[in-house]
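Student: Have a look at this one.
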Amino acid sequence: MQDILSMLSAIHRPRLLMRAARFGAEDYRREVHLPRLLGYGMLPRYGAALIQLMEMETALNAQRKDDDAAYSLTRHIDVLIAIVAEARVMRTAQV
């Protein structure tokens, strides 16, 4: 768990993206939002979900930096919202 959280703290994204993600994380509901991002079926544990979300976010960030026409800002923010919210739950569970 600590490795995942330290990996998250090493991520640096534009301030506006992170502000939007933190704001959106307030309304995040795992049962509703996570299946839309990761696919429907049984929800993964928090650590596994975070790893999948981080992989998705890395690909989206690469698209953003490359000015790829397929880049979706909305999708990127949705993934960042899920990462922020899942990380909050994981940190809370540690305490």
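Numbering-wise, our numbering comes out as the position in the sequence shown, counting from 1, plus 9. Just so you know, even glycine gets a beta-carbon here, dropped at the ideal spot from N, CA and C.
#1: Quick one: measure Cβ to Cβ for Ala107 and Val93, integer angstroms, because I've assumed they're closer than 8 Å.
#2: Less than 8 Å separating the beta-carbons of Leu59 and Val88?
#3: Pick out whichever of Arg39, Pro23, Arg24 has its Cα sitting closest to the Cα of Ala96.
#4: Candidates Leu25, Pro23, Thr67: which alpha carbon is nearest Met16's?
#5: Where do the N-terminal and C-terminal ends of the alpha helix (DSSP H) with Gly56 fall, by residue?
#6: Please classify Tyr37 as buried or exposed, where buried requires at least 16 neighbouring CB atoms within 10 angstroms.
#7: Exposed or buried, Ala79, counting other C-beta atoms within 10 Å across all chains shown (16 or more means buried)?
#8: Where do the N-terminal and C-terminal ends of the alpha helix (DSSP H) with Pro44 fall, by residue?
#9: Provide the residue span of the alpha helix (DSSP H) that contains Ala30, from first to last.
Tutor: Well, looking at it:
#1: Given that the chain is displayed from residue 10 to residue 104, the structure contains no residue 107 and the question cannot be resolved.
#2: no
#3: Arg39
#4: Thr67
#5: 55–74
#6: buried
#7: exposed
#8: 39–47
#9: 24–34
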